[in-house]
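Visitor: Residue numbers (this note's numbering), protein chains in the order written: chain A, 653 to 1037; chain B, 252 to 593. Even glycine gets a Cβ: it sits at the ideal position worked out from N, Cα and C. Predicted, not measured: the structure shown is a model, and the values here were computed from it. Have a look at this one before I ask anything.
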């Protein structure tokens, strides 16, 4: 090969050639993903037509024709509707969201006390972000602060009545504040309580097992609306007269218990998926029940069910809207409540408000979902099938 | 099933709540607390709705302020509890609120269930709205035979509608939705020929339609909905405070006493005005009621007279533009008639 004088043998290496046009870049991607078969081609064209049909009017409505600021309903209604827009106009009324933004975030929490909510929000974010990033050290201290110290501080700050802070009663809370408070408490209570219930249900001790089964099956058998209704109307009946519970507290208890029952079944699914060999292996190492559970079983079981756990969290987050039926106003409830403000009543208002609420919910749920995928990949030990 | 559970829970709670209802002397309790707890609608345009600063405003809300002003001389000493149609009566019965001013219809059964209605602050009635462009030539609800009618689920409105069409031997096709916005959207998109709810509601819904001027409210009223404040039964002193607050608002309108001129008129020399405003020598009208003698002055200073409240919230001065109609003073052909304050 080295000293070939034969003219038909190449003496130098060929330069790498770019693949033919049809086999690279966008063309290749489209040929494999969009136009691989006649059916694919037809579906692609259909989808493109569909997008072309509804995307431009949507963008027009959402952005181009939309009204961003204004004092009242007149900017969002046409002349015939008593406003200033030309007839036939249709666009999103972001001015409505803009004007009521503080209400949507804080509810009727006194305006001069909003800094307290903001402070709690900042603390929440500052504690949560390092907790979520695996590389940041001091995880235990961070977690203790986040799950034990933060709720207490937040409680004192939000409710007030101490240290010279004025007392803000919970019926004044509303909007995103209520949504986040309920889902934070629901999530933080339901996971540990759900694990305990799941372990209890698989316990060999009959009384504990029976209690857990009855609890889980009762709560799961009732719709959340009924749980809230019971927490709001039945709970006071079991208490001595004169003793009243805060309505928000009742809703928190209701939501937390409800989510725990679901969480218990999710965790139980994970426990059952662990092969028997793991239990026996742990036993043969001489580990006690709690050591076995804590070191061998739960880490594997919880990892298996991350998607379901997050699913339950997302469901819980969205279910907080149901508190409107007991006259508490979460984000969606507040948005809907403000539809009745005659100063903003226009044909565009409800749609704009609902889209805004949907967008805020989506941000939170999408965030949770992406983080769970990140965690799944990080904890992946190659056993995924 | 769910409904049975809910109803059972409600009935049980109502029973127990009846047993430990708040003490009889509400006026003393309110004075001791230092504020009035008033139950209002969670949101009804013109009657009670929070604005973009979170302050409540509306016709019913001003009535709450009027009662607070009568007691404390200060219309701001009131806290609002927004209540859904379901929780309003249990909330009043349990003492969670002192007075319910939430467009509640005065009916025999409610009066018998442990409530008292001191007056009627708004005479409402169920009516129909149609698109006059689409259904030109129709000017009476009796011509609606065969029409599809948009209505909200689970309301007395739905039952009244059925009664009315049955009584007039007409066919109709109900289009029922759970949420108000859904009914509005369905009607606006032309899914039904007519929309039925309380007339005051029809006016506020008209604001949200794409072509309000095309829609007319038909003259027929198919039900009587006298809306008024409600209090717990068995506390006549408290009921009197609420009742006479209502009459004071009406009397002030009758005598031309407004927010602007009340100060001036109380120094004037019309004997009737002086009596109402508590300026007569040795008067005991206010103190006998458990209030101060200048209670009417306080009310009018806080919220204005009935006509002013009406105009500002639901009448010509508001986006709703509801006509006074049967809510005009008796002397102008309406039903609002105040008993004499003397």
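I'd like to know whether the C-beta atoms of residue 338 of chain B and residue 287 of chain B end up nearer to each other than 7 Å.
Guide: Translated into the one-based positions of the second chain, residue 338 of chain B becomes position 87. Translated into the one-based positions of the second chain, residue 287 of chain B becomes position 36. No, the pair does not count as a contact, with Cβ atoms beyond the cut-off.
Visitor: For the segment 980-1000 of chain A against the segment 819-829 of chain A, are there 3 or more C-beta pairs whose distance is under 8 Å?
Guide: yes
Visitor: Closer than 7 Å, CB to CB, is residue 973 of chain A near chain B or not?
Guide: Translated into the one-based positions of the first chain, residue 973 of chain A becomes position 321. By this cut-off, residue 973 of chain A is not an interface position.
Visitor: From residue 336 of chain B to residue 292 of chain B, what distance separates their C-alpha atoms?
Guide: For the purposes of this step, residue 336 of chain B is taken as the residue at position 85 of the second chain. For the purposes of this step, residue 292 of chain B is taken as the residue at position 41 of the second chain. Their Cα atoms are separated by approximately 8 Å.
Visitor: With a threshold of 7 Å on Cβ separation, who are the neighbours of residue 835 of chain A within its own chain once the five nearest residues in sequence on each side are excluded?
Guide: As a working mapping, residue 835 of chain A is identified with position 183 in the first chain. Same-chain partners within the cutoff: 968, 969 and 972.
Visitor: Use the C-beta contact count for residue 870 of chain A: other C-beta atoms within 10 angstroms, 16 or more gives buried, fewer gives exposed.
Guide: Indexing the first chain from 1 puts residue 870 of chain A at position 218. With fewer than 16 other Cβ atoms within 10 Å, it is exposed.
Visitor: So for residue 517 of chain B, helix, strand or coil by DSSP?
Guide: For the purposes of this step, residue 517 of chain B is identified with residue 266 of the second chain, where counting begins at 1. Residue state, collapsed to three classes: coil.
Visitor: Only counting the same chain, and skipping five residues up and downstream in sequence, which positions put a Cβ closer than 6 Å to that of residue 457 of chain B?
Guide: Along the second chain, read from residue 1 onward, the residue named residue 457 of chain B stands at position 206. The residues are 463 and 466.
Visitor: Between residue 283 of chain B and the ligand HEM, is there a pair consisting of the residue's CB and a ligand heavy atom that are separated by less than 6 Å?
Guide: Questions concerning the ligand HEM fall outside what the structure shown contains, since it holds no ligand whatsoever.
Visitor: Taking C-beta to C-beta, are residue 772 of chain A and residue 850 of chain A nearer than 7 Å?
Guide: Residue 772 of chain A sits at position 120 when you count from the first residue of the first chain. Residue 850 of chain A sits at position 198 when you count from the first residue of the first chain. No.
Visitor: Does residue 590 of chain B pass the burial test, meaning 16 or more other C-beta atoms within 10 Å, or should it be called exposed?
Guide: Taking the first residue of the second chain as 1, we reach residue 590 of chain B at position 339. In the assembly as shown, residue 590 of chain B is an exposed residue. Its beta-carbon has fewer than 16 other beta-carbons within 10 Å.
Visitor: Quick check: the Cα distance between residue 300 of chain B and residue 974 of chain A, rounded to an integer number of angstroms?
Guide: Counting from one through the second chain, the residue named residue 300 of chain B turns up at place 49. Counting from one through the first chain, the residue named residue 974 of chain A turns up at place 322. Cα to Cα, the separation comes out at about 20 Å.
Visitor: Residue range of the beta strand (DSSP E) that residue 476 of chain B falls in?
Guide: In the second chain, the residue the question calls residue 476 of chain B occupies position 225. Residues 474-483.
Visitor: Excluding five sequence neighbours on each side, which residues of the same chain lie with their C-beta closer than 7 Å to the C-beta of residue 868 of chain A?
Guide: Counted from its first residue, the first chain places residue 868 of chain A at position 216. Result list for residue 868 of chain A: 849, 853, 913, 916 and 917, in chain order.
Visitor: What's the gap between the Cα of residue 720 of chain A and the Cα of residue 377 of chain B?
Guide: Position 68 of the first chain, counted from the first residue, corresponds to residue 720 of chain A. Position 126 of the second chain, counted from the first residue, corresponds to residue 377 of chain B. Their Cα atoms are separated by approximately 37 Å.
Visitor: Among B:340, B:364, B:582 and B:448, which residue has its Cα nearest to the Cα of residue 355 of chain B?
Guide: Start at 1 with the first residue of the second chain, and residue 355 of chain B comes out as number 104. When only C-alpha atoms are compared, the closest one is B:340.
Visitor: Measure from the C-beta of residue 390 of chain B to each C-beta in chain A and report whether the shortest distance is under 7 Å.
Guide: On the second chain, position 139 is the one that residue 390 of chain B refers to. No, no contact with chain A.
Visitor: Applying the 10 Å Cβ sphere with the 16-neighbour rule, what's the burial state of residue 902 of chain A?
Guide: Your numbering for residue 902 of chain A matches position 250 in the first chain. Result: buried.
Visitor: Residue 1001 of chain A versus chain B: which residues are under 8 Å apart at the beta carbon?
Guide: One-based indexing of the first chain puts residue 1001 of chain A at position 349. Within 8 Å Cβ-Cβ: 459.
Visitor: Any idea what DSSP makes of residue 565 of chain B, helix, strand or coil?
Guide: Working through the second chain from its first residue, we reach residue 565 of chain B at position 314. Reduced to three states, the DSSP call for residue 565 of chain B is coil.
Visitor: Quick check on this structure: which residue in B:310, B:307, B:345 and B:461 has the alpha carbon closest to the alpha carbon of residue 233 of chain B?
Guide: This structure leaves residue 233 of chain B out entirely; chain B is present only between 252 and 593.
Visitor: With burial defined as no fewer than 16 other Cβ atoms inside 10 Å of the residue's Cβ, what is the status of residue 747 of chain A: buried or exposed?
Guide: The residue you call residue 747 of chain A lines up with position 95 of the first chain. Under this definition residue 747 of chain A is a buried residue.
Visitor: Could you tell me if residue 943 of chain A is buried or exposed, where buried requires 16 or more neighbouring beta carbons within 10 angstroms of its beta carbon?
Guide: Here residue 943 of chain A is taken as the residue at index 291 of the first chain, counted from 1. Its Cβ having fewer than 16 others within 10 Å, residue 943 of chain A is exposed.
Visitor: Tell me whether residue 370 of chain B sits in a helix, a strand or coil according to DSSP, three-state version.
Guide: Taking the second chain and counting its residues from 1, the one referred to as residue 370 of chain B is at position 119. It is coil, neither helix nor strand.
Visitor: Quick one: which residues of the segment 296-321 of chain B get their C-beta closer than 9 Å to a C-beta of chain A? List them in chain order.
Guide: 296, 297, 298, 299, 300, 301, 302, 303, 304, 305, 306, 307, 308 and 309
Visitor: In whole angstroms, what separates the C-alpha of residue 815 of chain A from that of residue 847 of chain A?
Guide: In the first chain, counting from the first residue as 1, residue 815 of chain A sits at position 163. In the first chain, counting from the first residue as 1, residue 847 of chain A sits at position 195. Computed Cα separation, rounded: 37 Å.
Visitor: For a contact meaning CB atoms closer than 8 Å, what does residue 334 of chain B contact in chain A?
Guide: Counted from its first residue, the second chain places residue 334 of chain B at position 83. Those are 979, listed as they occur along chain A.
Visitor: Mind the definition here: the segment 714-728 of chain A touches the segment 995-1003 of chain A only if three or more C-beta pairs lie below 8 Å; say whether that holds.
Guide: yes
Visitor: With C-beta atoms as the reference, is residue 309 of chain B less than 7 Å away from residue 298 of chain B?
Guide: Position 58 of the second chain, counting from 1, holds the residue named residue 309 of chain B. Position 47 of the second chain, counting from 1, holds the residue named residue 298 of chain B. Closer than 7 Å, so yes.
Visitor: For residue 760 of chain A, which three-state DSSP category applies?
Guide: As a working mapping, residue 760 of chain A is identified with position 108 in the first chain. Note: residue 760 of chain A maps to coil in three-state DSSP.
Visitor: At the level of alpha carbons, what is the spacing between residue 797 of chain A and residue 779 of chain A?
Guide: Here residue 797 of chain A is taken as the residue at index 145 of the first chain, counted from 1. Here residue 779 of chain A is taken as the residue at index 127 of the first chain, counted from 1. In a straight line, the C-alpha of residue 797 of chain A is about 8 Å away from that of residue 779 of chain A.
Visitor: Is it a yes or a no for the segment 556-575 of chain B touching the segment 501-511 of chain B, going by three-plus beta-carbon pairs under 8 Å?
Guide: In this structure the segment 556-575 of chain B touches the segment 501-511 of chain B; the number of beta carbon pairs closer than 8 Å is three or more.
Visitor: Going by DSSP in three states, residue 289 of chain B sits in which element: helix, strand or coil?
Guide: Sequence index remark: in the second chain, residue 289 of chain B carries index 38 (1-based). In the structure shown, residue 289 of chain B sits in a strand (DSSP, three-state: E or B).
Visitor: Taking C-beta pairs closer than 8 Å, name the residues in chain A that residue 462 of chain B reaches, listed in chain order.
Guide: Residue mapping note: residue 462 of chain B aligns to position 211 of the second chain, counting from 1. Here the neighbours are 732 and 733.
Visitor: Quick one: what's got a C-beta closer than 8 Å to residue 819 of chain A's C-beta in the same chain, skipping five residues either side?
Guide: Numbered from 1 along the first chain, position 167 holds the residue referred to as residue 819 of chain A. Result list for residue 819 of chain A: 811, 812 and 813, in chain order.
Visitor: Taking the runs of the beta strand (DSSP E) that are 3 residues or longer, which of them lie wholly in the segment 311-387 of chain B?
Guide: 329-334, 350-356 and 373-382
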